[in-house]
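Heads up: the structure comes next, in structure tokens.
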Amino acid sequence: MSTVPVLMYHHINPNSGDMVTVTPEVFDAQMRFLRDAGYRTLTLDELMGAVSGEGFDGRGVAVTFDDGYLDNYVYAFPVLKKYGIKAVVFLVSSWVEGASASGADKKNLIREFTEDPPLHDRTKAYAGEGRFEKFSIDWDMAREMKESGLVEFHSHTVTHRRCDRLAPGELVEELRASKEMIEAALKERCDYLCWPRGKYNSSCVEAARALGYRGVFTTEPGVAQPGVDPLRIKRIVVKDNLRWFKTRLRVYSNSFLSVLYIKMSGKGR
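Here the sequence shown is numbered in my numbering, starting from 4 and rising by one per residue.
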């Protein structure tokens, strides 16, 4: 079986050059390339099957988004529907809960957002101010995305704190409560977890295992393939560049070339 690149996105919005951001035009072109090149976008259950040695037809790729930003709904979701691309969003459950409880008028909120999408640093300031509706999707949006049959949602903890710095009880609560909140709101299993800021240690991994998470995703560069630890899945940070995307997909879909490239470059970029 060929390797499976697990692509990592955060923001999809027009703020070209902002950190962890891909513009809608480039994202559209990247998703069109996946479709036209015959890549099969995998669910996380299918990805776990591939890691455990089960085969699948064709070339596979997993598309993931961290944090659950509002721009994922406004800009990315229409593109996913346009090309029939399956994707995963790792939610910070307290942000979604706060956005849902804000009482903001959704039509006006989205209009204001598209007129002036906040930069990444502004979203962090909004989080600190508790103005979650300004940058996070709400449960209604998540349900709409889920019901399309293209998007699944899993845990990015409750509050997005660094898990490697939490006391044992706090760590368990971050992982347990986020799982329960997502399952209650979306009526689907939450079996997967992504570490906030990519920070974790062996105690974090054991806590995730004990709470029943089937797979855990890191920010470490690499690809998924049979035999890798499902609780330490590596990913590829996606750049705002179509040529880069096409070249890297060809490399990362080849088991020999992907390992060689990552070893030589020292990073999955």
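Glycine included, each C-beta is placed from N, C-alpha and C at the ideal position.
All of these numbers come straight from a predicted model, not from anything done at the bench.
The three-state reading of DSSP puts residue 84 in helix, counting H, G and I together. Note that the C-beta distance between residue 223 and residue 235 is below 9 angstroms.
In the three-state reduction of the DSSP assignment, residue 237 falls in the strand class, which pools E and B. When C-beta atoms of the segment 240 to 260 are compared with those of the segment 12 to 28, three or more pairs fall below 8 angstroms, so the two segments count as touching. Secondary-structure assignment with DSSP links residue 65 through a beta bridge to 9. Here the alpha carbon of residue 193 sits roughly 30 angstroms from the alpha carbon of residue 40.
The continuous stretches of beta strand (DSSP E) do not include residue 123, which lies in the alpha helix (DSSP H) extending over residues 123 to 132.
In the structure shown, the three-state DSSP call for residue 160 is coil. Selection 46, 111, 55 and 54 evaluated against residue 77 yields 111 as nearest (Cα-Cα). Contact annotation: residue 47 and residue 159 have beta-carbon atoms that are not nearer than 9 angstroms. Between residue 9 and residue 42, the CB-CB gap reaches or exceeds 9 angstroms. Taking 8 angstroms as the upper bound for CB-CB distance, residue 145 and residue 82 are not in contact here, some 17 angstroms apart. For residue 128, the number of other beta carbons within 10 angstroms of its own is below 16, and it is reported as exposed. For residue 218, the enclosing beta strand (DSSP E) stretches over residues 218 to 224.
Close CB contacts of residue 186 within its chain, under the 8 angstroms cut and outside five residues either way in sequence, are with 192 and 193 (chain order). DSSP places residue 155 in the strand class (E or B) of the three-state scheme. Secondary structure of residue 140 (DSSP, three-state): coil. Of the candidates 216, 173, 106 and 169, the residue whose Cα lies closest to the Cα of residue 143 is 106. Around the beta-carbon of residue 225, 16 or more other beta-carbon atoms lie within 10 Å, marking it buried. A residue is called buried once 16 or more other Cβ atoms fall within 10 Å of its Cβ, and residue 199 is buried on that count.
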